[in-house]
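A.B. asks: In the working numbering, the protein residues as written are 2 to 202.
Next up is a structure, given as structure tokens.
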């Protein structure tokens, strides 16, 4: 939150702003899963009015609520800057470049929200699956810890210069990313034109 909106460091995941953004991210991830909505397969359903299309009504209500939240966070940064309180943040950079980027306030607010949500969701998802993997395979955790202790010791934190000497830890991280990737793949696609080339589709 501080890198995007220049807010003070949060001390609890129960903070209302974090809960609201995490709720947004959870709804977004759930709706992006392949097959989450029939409209993905029956595209004519997008023309149904929101009164009989629950998914559309829910999406419109969520958009209004989320826009108000993100625009509020963005406007707070803008207000602080107009009062002379300016510190580096993603929003501050976007506000300074308003003419250069040509974005509306709503577009800028959603850009900042996307940056926060993308970073928060991907990092927390990978960490959660890493913890599950280590709990499921304690022998892997012990071997990784032994490698870390042998290369780094217990008196300092690892640095990027240690990376070449930590092949097992690198492989473990890659395996977690392979085992349960952050972004769901296999998203639905619709063919809108068939092309034939020498009798083949």
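Quick reminder that beta carbons are idealized off the backbone N, C-alpha and C, glycines included.
Here the structure is a predicted model, which means the values were calculated and not measured.
I'd like to confirm the pairing. Which residues does DSSP put opposite residue 100 in its beta bridges?
C.D. replies: Paired residues: none, contrary to the question.
A.B. asks: When the Cα of residue 128 is compared with those of 143, 173, 163 and 151, which residue comes out closest?
C.D. replies: Nearest C-alpha to residue 128: 173.
A.B. asks: Cβ atoms of residue 6 and residue 113: under 8 Å apart, would you say?
C.D. replies: Cβ distance < 8 Å, so residue 113 and residue 6 count as in contact.
A.B. asks: Let me make sure I understand the geometry here. Which of 169, 9, 154 and 165 has the alpha-carbon closest to that of residue 78?
C.D. replies: 9
A.B. asks: Less than 8 Å between the beta carbons of residue 40 and residue 47, yes or no?
C.D. replies: yes
A.B. asks: Among residues of its own chain, excluding the 5 on either side of residue 163, which ones have a beta-carbon nearer than 7 Å to its beta-carbon?
C.D. replies: 152 and 153
A.B. asks: Going along the chain, which unbroken runs of the alpha helix (DSSP H) with 4 or more residues stay wholly within the stretch 40-119?
C.D. replies: Whole alpha helix (DSSP H) segments, 4+ residues: 55-83, 91-97 and 99-102.
A.B. asks: Using only alpha-carbon positions, find the residue among 194, 198 and 4 that is nearest to residue 207.
C.D. replies: Outside the modelled stretch of the chain, which goes from 2 to 202, sits residue 207, for which no answer is possible.
A.B. asks: Using the Cα positions of residue 142 and residue 135, report the straight-line distance between them to the nearest angstrom.
C.D. replies: The alpha-carbon separation between residue 142 and residue 135 amounts to approximately 5 Å.
A.B. asks: Just curious, the alpha helix (DSSP H) that residue 1 is in, first and last residue?
C.D. replies: Missing from the structure shown is residue 1; the chain here goes from 2 to 202 and no further.
A.B. asks: Which of helix, strand or coil does DSSP assign to residue 16?
C.D. replies: coil
A.B. asks: Tell me whether the beta-carbon of residue 58 lies closer than 8 Å to the beta-carbon of residue 49.
C.D. replies: no
A.B. asks: Flag this pair as yes or no: are the beta carbons of residue 131 and residue 177 separated by less than 8 Å?
C.D. replies: yes
A.B. asks: In its own chain, which residues sit with a C-beta less than 8 Å from the C-beta of residue 20, not counting the 5 before and 5 after it?
C.D. replies: 14
A.B. asks: Let me make sure I understand the geometry here. Which of 146, 26, 179 and 96 has the alpha-carbon closest to that of residue 170?
C.D. replies: 146
A.B. asks: Are residue 121 and residue 75 close, meaning C-beta to C-beta below 8 Å?
C.D. replies: no
A.B. asks: CB-CB under 6 Å to residue 159, same chain, minus the five flanking residues each way: which ones, in chain order?
C.D. replies: 153
A.B. asks: Report yes if the C-beta distance between residue 67 and residue 117 is below 8 Å; otherwise report no.
C.D. replies: no
A.B. asks: In whole angstroms, what separates the C-alpha of residue 96 from that of residue 108?
C.D. replies: 11 Å
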